[in-house]
Amino acid sequence: MKLTKFYTLFVVALVLFSACKDNAKKEYAINSETDANGFTYETVNNDPTGLRLYTLDNGLKVYLGKNEEEPKIQTLIAVRAGSTYDPADNTGLAHYLEHMVFKGTDDIGTTDYEAEKEIIKEISDLYEAHKNEKDLEAKKAIYKKIDSVSLEASKIAIANEYDKMVNSLGAEGTNAFTSNEQTVYVNKIPSNEIDKWLMVESERFSQLVLRLFHTEIEAVYEEFNRGQDNDGRKQYYATLQGLYPTHPYGTQSTIGISEHLKNPSMEAINAYFDKYYVPNNMAVILVGDLDFDETIKKVNDAFGGYEKKELTHPTFPDLEPITAPVKKEVYGPTAESIYVAFRSKGKGSEQEVMLTLVDYMLANSQAGLIDLNLNQKQMVQQASSFTNFNNDYGFHLLYGRPKADQTLDDVKDLLLEQVEKVKKGEFEDWLLDAVVNDLRLSQIRQYENASSTAYAYLGAFIGFQDWKDRIVMLDEMKKITKEQVVKFANEFYGNNYVEVHKIQGEDKSIVKVENPGITPIELNRDKESDFLKTFNSKASPDLKPQFIDYKTAIKEKEMANGVKVAYVNNPNNDIFNLNIIFDMGQDNDRMVSLAAGYLDYLGTDKYSPEELKQEFYKLGISTNFFSSSDKTYVGISGLKENLDAGLALLENLWDNAEANQETYDKYVESILKGREDNKTQKGNIFWNGLMSYGQYGENSRLRNIYSEAELKKITPEDLVNTIKQLRNYKQRAFYYGNDIDAAMASLEKNHAVPENFLDYPEKTEYVNLETGGNVYFVDYDMVQSEIMLLSKGDTFDPKKMAASRLFNTYFGSGLSSIVFQEIRESKSLAYSAFSSYRNASEAGKPDYTMAYVGTQANKLEQAVNAMMDLMTNMPEAEDQFNQAKEATLKKIAAQRITKSNIFWTYEGLKKRGISNDNRQEMYNTIKNMTLEDLKTFFNENISGKEYNVMVIGNKKDMDFEALSTLGEIKELDIDYLFNYNQEEEVKL
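Heads up: take any position in the sequence shown, counting from 1, add 92, and you land on the working numbering.
Listed below in structure tokens is the structure:
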């Protein structure tokens, strides 16, 4: 949900900035220009992104943007086709086609395509027979035949050749995603590898070959199972069903239904590819360190030969208006919540402009009506809103979670009351301008990022929009008046909403299927296609790594009171970040974290809590008061022109916060309700609860919490005094911006400290326990099961960082890793599987080896056995090792640590006892490593280790006899795991 709102914010803000930069009216004329090579392109006057938009002769759109911050290029290859265009009897098709585009062509991924294509045709025919067969036993027999023929086909195929090639380039974020009207393929590559990337991508999209199909479709089914375990996703789908009851947005989900996933048609997949994967329906989007003229010539050479085809996208009848509330209910184990959604017109409509504005008037995380009236006043557990716009329709969605004494209807009424305030004009006149300023500030931050710019271009392409239209749309937003907002709200918001209640309880719609018993296929790691050999023979321009001298990159000044201020210059814009840093955290004083959370609800002698939030929002200043285990940060960020006013306001709150018993009582209620809600979240149980218990047992930071009785015994004055006393401890500051003198002057003026600082309280130490012989299990109502193997290693040694990074690339992380290939590609035992050697983040602490699998319960034993075998005996593949080594070196060479990351990266290094940029040593070490060296690292640090095993799953489906072979099984109560029900009070 937050991602959706963030994406909308970015697209809006991206173009708003150009209109807000000054008060002059700007024109956004489209210019047609011709480059040195004769290619025609479009630009837009006053476009802050500097887009060049080319259209090749075959209709392919090419979006080029320049960002030279790092020698990388964000690449997106987009197809205007998604689940909306799935055949009604093959839902999920666009999504699993996305998976299959990674499998290669007649040149990539095969040793003998002529022989292979005959077997693939046989498999396709078998799938058609399987789809049409009604008798269950006969279907099983056909599937067994598919399985056996697929094994024969795999002997000719080469798994993961595409992944190996892009990984060898040093690509990051290799992935793809499908939604309603788009399928998008993603890589971020070193800029010197553009030629080889184009070579493989132009081949990749030239032809579809459905090899290794039955194992991949089973992996997609595991993804479907993950969706069945995701209550938020189910609630979202139910919302779409209510909003769009006769439109594909609501009648067919991207993942598809179980029946269709279990009965796929390879013929239908090929037909879909042939129809939609054509150049006049595609875009290549490249943003980064590139030369416009050279790049378009290369893109044309790679994709210009694709043949244009006539294409008409399906259209759908208009939806009937929603004239009365539509109520739906979704069941599952997680905490209860409610969605209230209003259907709107689609992307590019006037409603998109107005709804984006109204949405941020309601919820901007600081001073929206929902923020102030519901969250700030603690009227609900949590509430917000977001918008989403597709081509045909969009929506505005309000959501909330109830307090302990509330019903979902109570929350719904409170949310709708905030809409009524907009309809009645009950909001401050300045709010419209403040929202625009907020968008402007967000745009400045996002425009620095090549990836965000690329995704903004993507939104325009998928929506069939000129980039100019996005700019014009948002220029118009500036002109919207309060009267227009009120008029729109009264016309748009009524009883025309869909409400979806997420209720705790059993979901009886869950689909469970038997393990199909797939025979592991051949991976053929030792084989290469001719295409791969040619690919590997091509040399790319050299890219030298750049390392940082932190002692010169981070400068330092000292205040008159002795506080040292480290600073890094912002060379790009007027944004600043200022943090006061205390080298003490929750391990030194638990109350600091509790007090920091409470401060967010307080006002001062001058401002009420709501007024204070409004004052910060007017200034465009964000604040943070945060305590981690070993650090506490008090900071602000915004535009430099508002630094002094923002810091004065923060210091005023720090000095003059007023305790309030009623506010504190609500705060405690919220903490306790939050604990109850957290107990229902399997991700929190697994990744926080079980992982902490596997490392520390009972004596852990996670379990060292205040009991309910202790919380109620604490007074709000105790917390306010804790906040005020904090400034008496030793401290330092960090500033990132372009005016250190102004920052120093503001600190001298506003930040008062005592003549003598206090030393930090003694730190609580938590002992990492030895691992081995334990299976910790938590019962949870879910379709899949998740398991983590965790082994404590030796004390952190920086000399192991090079080998561990190369090991993770080769063995456990990414699409071309050994673990992914064996667990998912060969055996189809999981959608997600990985293993890694994790270096400790602090000197003196132990490293850990971990291995994860998420799979349906009836595959768990096979998956664990397969993983344990890999963790004992590392498969050795020389070519794959060389590709992993090359990839690791290229990623280091292309990495640039810039801006405020210079300081924060150095903070992490110092915590590990490292005082220099250790990437240089890692780079040189990896460059000289051999497969034998990696094997030695594996044998010394991973093979034969003892593991604690953490498992979450449905007790009814669990094979405890199989689990018992891994150690003594201990079922853990969730309250015990988090120490929520403490029998004895701990002294304050």
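Using N, Cα and C, we set each Cβ at its ideal position, and we do this for glycine too.
Since the model is a prediction, treat every value here as computed from it, not as a measurement.
key: Simplified DSSP state of Gly829, which is helix, strand or coil   = As a working mapping, residue 829 is identified with position 737 in the sequence shown. It is a strand residue.
message = Cutting at 8 Å between CB atoms, please list the residues of its own chain near Ile388, excluding the five before and the five after it.
response = Residue mapping note: residue 388 aligns to position 296 of the sequence shown, counting from 1. Asp127, Asn129, Phe131, Tyr133, Arg144, Tyr146, Val154 and Leu156, listed in sequence order.
Local Cβ density within 10 Å of Pro406, reported as buried at 16 or more and exposed below that = Here residue 406 is taken as the residue at index 314 of the sequence shown, counted from 1. Exposed: under 16 other Cβ atoms inside 10 Å.
Candidates Arg318, Tyr1039 and Glu119, of which the one nearest Glu568 by Cα = Here residue 568 refers to the residue found at position 476 when the sequence shown is read from its first residue. Of the candidates Arg318, Tyr1039 and Glu119, the one whose C-alpha sits nearest the C-alpha of Glu568 is Glu119.
query = What residue does the beta strand (DSSP E) around Thr147 start on, and which one ends it?
reply = Taking the first residue of the sequence shown as 1, we reach residue 147 at position 55. Looking at the DSSP string, the run of the beta strand (DSSP E) that includes Thr147 is Arg144 to Thr147.
inquiry  = Using a 10 Å radius around the Cβ and a threshold of 16 neighbouring Cβ atoms, would you call Thr964 buried or exposed?
reply    = By 1-based counting over the sequence shown, the position of residue 964 is 872. Taking all protein chains in view, the Cβ of Thr964 is surrounded by fewer than 16 other Cβ atoms within 10 Å, so the residue is classified as exposed.
request  = Express the C-alpha separation of Ile613 and Ile238 in angstroms, rounding to a whole number.
outcome  = In the sequence shown, the residue the question calls residue 238 occupies position 146. In the sequence shown, the residue the question calls residue 613 occupies position 521. Taking the CA atoms as reference points, Ile238 sits about 12 Å from Ile613.
message = Using C-beta distances below 7 Å, list every residue in its chain close to Asn252, excluding the 5 sequence neighbours before and after it, in chain order.
response = Residue 252 sits at position 160 when you count from the first residue of the sequence shown. Counting only Cβ-Cβ distances below 7 Å, and skipping sequence neighbours, we find Leu907, Ser908, Gln913 and Glu917.
query = At a cut of 8 Å, does the stretch 332-349 reach the stretch 421-428 through at least three beta carbon pairs?
reply = Fewer than three Cβ pairs drawn from the stretch 332-349 and the stretch 421-428 lie within less than 8 Å of each other, which leaves the two stretches out of contact.
message = Applying the 10 Å Cβ sphere with the 16-neighbour rule, what's the burial state of Asn791?
response = Taking the sequence shown and counting its residues from 1, the one referred to as residue 791 is at position 699. Asn791 is exposed by the Cβ-count criterion.
request  = Quick one: using the 10 Å Cβ neighbour count with 16 as the cut-off for buried, is Asn373 buried or exposed?
outcome  = Within the sequence shown, numbered from 1, the residue matching residue 373 stands at position 281. Result: buried.
ask   = Is Leu731 helix, strand or coil by DSSP?
value = Translated into the one-based positions of the sequence shown, residue 731 becomes position 639. Leu731 falls in the strand class under three-state DSSP.
query = Grouping DSSP H, G and I as helix and E and B as strand, with all else coil, what is Phe717?
reply = Position 625 of the sequence shown holds residue 717. Phe717 falls in the strand class under three-state DSSP.
ask   = Using the C-alpha atoms, what's the distance from Thr901 back to Phe973?
value = Along the sequence shown, read from residue 1 onward, the residue named residue 973 stands at position 881. Along the sequence shown, read from residue 1 onward, the residue named residue 901 stands at position 809. Rounded to the nearest angstrom, the two C-alpha atoms are 9 Å apart.
Limits of the alpha helix (DSSP H) - the one that Asn974 falls within = As a first step, residue 974 is located in the sequence shown; it is residue number 882 there, counting from the start. Looking at the DSSP string, the run of the alpha helix (DSSP H) that includes Asn974 is Glu970 to Ala986.
task = Determine the direct distance from the alpha carbon of Tyr1068 to that of Asn866, and round the result to whole angstroms.
result = If you number the sequence shown from 1, residue 866 lands on position 774. If you number the sequence shown from 1, residue 1068 lands on position 976. Cα atoms of Asn866 and Tyr1068: separation of roughly 17 Å, rounded to the nearest angstrom.
ask   = Does any C-beta atom of chain C lie closer than 8 Å to the C-beta of Asp1051?
value = Any reference to chain C falls outside this structure, which holds one protein chain only.
request  = Report all residues from its chain with a CB closer than 7 Å to the CB of Ala360; omit the five preceding and five following residues, and keep chain order.
outcome  = On the sequence shown, residue 360 is found 268 positions in, with the first residue counted as 1. So the list reads Pro179, Asn182 and Leu185, once near-sequence residues are dropped.
Alpha-carbon spacing of Lys774 relative to Tyr872, whole angstroms = By one-based count along the sequence shown, residue 774 stands at place 682. By one-based count along the sequence shown, residue 872 stands at place 780. Rounded to the nearest angstrom, the two C-alpha atoms are 7 Å apart.
request  = Would you mind working out which of Leu739, Val527, Ile212 and Asp139 sits nearest Met836, comparing C-alpha positions?
outcome  = Taking the first residue of the sequence shown as position 1, residue 836 is located at position 744. Of the candidates Leu739, Val527, Ile212 and Asp139, the one whose C-alpha sits nearest the C-alpha of Met836 is Leu739.
task = Flag this pair as yes or no: are the beta carbons of Leu228 and Tyr336 separated by less than 8 Å?
result = Residue numbering aside, residue 228 sits at position 136 when the sequence shown is read from its first letter. Residue numbering aside, residue 336 sits at position 244 when the sequence shown is read from its first letter. Going by C-beta atoms, Leu228 is not nearer than 8 Å to Tyr336.
message = Suppose the cutoff is 8 Å on Cβ atoms and the five residues either side in sequence are ignored; what does the same chain contact list for Leu887 look like?
response = Position 795 of the sequence shown, counted from the first residue, corresponds to residue 887. Looking at the sequence shown, residue 887 is not Leu but Thr. If you ignore the 5 residues before and after Thr887, its C-beta comes within less than 8 Å of the C-beta of Ala932, Gly936, Lys937, Pro938 and Asp939, all in its own chain and listed in chain order.
query = Excluding the five sequence neighbours on either side, which residues of its own chain have a C-beta within less than 6 Å of the C-beta of Ala116, listed in chain order?
reply = Counting from 1 along the sequence shown, the entry for residue 116 is found at position 24. Confidence at Ala116 is low in this model, with a pLDDT of 39, below 50, so the placement of that residue should be treated as unreliable; the coordinate-derived value is given next. Close CB contacts of Ala116 within its chain, under the 6 Å cut and outside five residues either way in sequence, are absent.
query = By Cβ distance, which residues of its chain are closer than 7 Å to Ser357, with the 5 residues on each side in sequence left out?
reply = Within the sequence shown, residue 357 is the residue found at index 265, counting from 1. Excluding five sequence positions before and after Ser357, the CB atoms of its chain that fall closer than 7 Å to its own CB belong to Asn182, Tyr219, Glu220 and Lys223, given in chain order.
request  = With a 10 Å radius around its C-beta and 16 neighbouring C-beta atoms as the bar for buried, classify Ser260 as buried or exposed.
outcome  = Residue 260 sits at position 168 when you count from the first residue of the sequence shown. Classification for Ser260: buried.
query = In chain order, what residues of the same chain have a beta carbon less than 6 Å from the beta carbon of Lys113, not counting five sequence neighbours either side?
reply = Locating residue 113 in the sequence shown gives position 21, where the first residue counts as 1. Interpretation of Lys113 is limited by its pLDDT of 34, a score under 50 that renders its predicted location unreliable; no figure is taken from the coordinates.
query = With burial defined as no fewer than 16 other Cβ atoms inside 10 Å of the residue's Cβ, what is the status of Gln299: buried or exposed?
reply = Here the question's residue 299 lines up with position 207 in the sequence shown. Gln299 is exposed by the Cβ-count criterion.
task = Pick helix, strand or coil for Glu857, following the three-state DSSP scheme.
result = For this step, residue 857 is matched to residue 765 along the sequence shown. Coil, per DSSP.
query = With distances taken between CB atoms, is the gap from Glu949 to Leu921 smaller than 8 Å?
reply = As a first step, residue 949 is located in the sequence shown; it is residue number 857 there, counting from the start. As a first step, residue 921 is located in the sequence shown; it is residue number 829 there, counting from the start. Note that residue 949 is Ala in the sequence shown here, rather than Glu. Cβ distance not < 8 Å, so Ala949 and Leu921 don't count as in contact.
message = Measuring only the C-alpha atoms, how far is Ile832 from Glu620?
response = Residue numbering aside, residue 832 sits at position 740 when the sequence shown is read from its first letter. Residue numbering aside, residue 620 sits at position 528 when the sequence shown is read from its first letter. Here the C-alpha atom of Ile832 lies approximately 56 Å from the C-alpha atom of Glu620.
key: Reduced DSSP secondary structure (H/G/I, E/B, other) of Gly438   = Position 346 of the sequence shown holds residue 438. Note: Gly438 maps to coil in three-state DSSP.
Strand pairing of Arg824, partner residues [DSSP] = Position 732 of the sequence shown, counting from 1, holds the residue named residue 824. Paired residues: Ile673.
ask   = When DSSP labels each residue in this structure, what does Glu1081 get in the three-state scheme?
value = One cannot answer for residue 1081 here, as it falls past the ends of the chain, which runs 93 to 1080.
request  = Measure the CB-CB distance between Tyr398 and Asn671 and report whether it falls below 8 Å.
outcome  = Here residue 398 is taken as the residue at index 306 of the sequence shown, counted from 1. Here residue 671 is taken as the residue at index 579 of the sequence shown, counted from 1. The Cβ atoms of Tyr398 and Asn671 do not sit closer than 8 Å to each other.
message = So Ser883 and Lys649 are supposed to be a Cβ contact under 8 Å. How far apart are they, rounded?
response = The residue given as residue 883 occupies position 791 in the sequence shown. The residue given as residue 649 occupies position 557 in the sequence shown. With a Cβ gap of about 46 Å, Ser883 and Lys649 do not count as contacting.
query = Would the beta-carbon of Pro417 fall within 8 Å of that of Tyr585?
reply = Counted from its first residue, the sequence shown places residue 417 at position 325. Counted from its first residue, the sequence shown places residue 585 at position 493. Result no, Cβ atoms of Pro417 and Tyr585 do not sit closer than 8 Å.
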